[in-house]
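**Q** In my numbering, the protein residues as written are 120 to 345. By construction, the Cβ of each residue, glycine as well, lies at the ideal position given by its N, Cα and C atoms. Keep in mind that this is a model prediction, so the values were computed, not measured. First the structure, which I've put down as structure tokens, then a few questions once you've had a look.
Dropping the structure here:
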């Protein structure tokens with residue numbers, strides 16, 4: 120008898136796991152447009168999240184999902200069968216080129232208009248930092264040399280051979296690194312004018328990307344470190 124009950128339970132779980140949106144009793148259908156945006160080392164322009172699965176869960180449930188829906192070639196999806204009185208979240212996750220993206224719309228079903236689910240590099244999935252080098256007016260500084268050190272003493276020496284990480288900013292004045300340890304780093308920049316530079320402390324917390332830290336070239340000493 121116990122074996123029969125266990126078998127029935129397994130069948131029930133399989134039926135739940137295989138449930139499709141058309142199996143739900145609700146009558147609400149909501150459209151979504153899904154995008155993916157690389158604002159760490161990409162252009163920051165949203166791209167259609169095409170031919171990918173998104174997941175619908177009860178509002179606030181970050182462990183289980185009710186069903187999945189596949190987007191079309193333009194990143195659009197129609198979520199069907201939602202209960203009139205229900206509250207739902209929709210989310211998706213993706214890993215591309217070493218970056219882990221995630222996005223979630225909470226209580227998306229409370230709106231009758233089409234909404235946009237945008238996936239961005241997750242702030243809880245990986246360690247790293249993003250530095251944006253800007254001028255006094257806030258404009259980006261491309262092709263600017265950046266060196267990152269593991270201590271303030273090394274940063275003050277500003278010896279490229281001692282740098283933990285080094286490179287030049289992109290066209291948007293940005294430079295980034297992922298998969299770092301959880302510690303404090305010190306970024307040092309030098310502008311075209313050898314009398315202008317700055318040092319910035321970057322604290323990387325566990326499972327977090329420290330994002331959009333502004334770094335300005337400033338007269339030295341003492342600079343304008345923040």
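If we ignore side chains and look at the alpha-carbon of each, how far apart do residue 283 and residue 261 end up?
**A** 21 Å
**Q** So, helix, strand or coil for residue 184, using DSSP?
**A** coil
**Q** Quick check on residue 173: buried or exposed, where buried means 16 or more other Cβ atoms within 10 Å of its Cβ?
**A** buried
**Q** Using the C-alpha atoms, what's the distance from residue 279 back to residue 250?
**A** 18 Å
**Q** Run the CB neighbour count on residue 200, radius 10 Å, all protein chains shown included, and call it buried at 16 or more, exposed below.
**A** buried
**Q** For residue 225, count the other beta carbons within 10 Å of its own beta carbon; 16 or more makes it buried, fewer makes it exposed. Which is it?
**A** Counting other Cβ atoms within 10 Å of its Cβ, residue 225 stays below 16 and is therefore classed as exposed.
**Q** Looking at the unbroken beta strand (DSSP E) that takes in residue 196, where does it start and where does it end?
**A** 195-201
**Q** In whole angstroms, what is the alpha-carbon distance linking residue 157 and residue 205?
**A** 32 Å
**Q** Start and end of the beta strand (DSSP E) containing residue 271?
**A** Per DSSP, residue 271 belongs to no beta strand (DSSP E); it is in the alpha helix (DSSP H), 271-276.
**Q** Who pairs with residue 213 in a beta bridge, going by DSSP?
**A** 220
**Q** Applying the 10 Å Cβ sphere with the 16-neighbour rule, what's the burial state of residue 215?
**A** exposed
**Q** Assign residue 177 to one of three DSSP states: helix, strand, or coil.
**A** strand
**Q** In three-state terms, what does DSSP make of residue 281?
**A** helix
**Q** When we look at the beta-carbon of residue 126 and count the other beta-carbons within 10 Å, is it buried (16 or more) or exposed?
**A** With a pLDDT of only 46 at residue 126, under the threshold of 50, the placement of this residue in the model should not be trusted, and no figure is reported.
**Q** Is residue 228 helix, strand or coil by DSSP?
**A** helix
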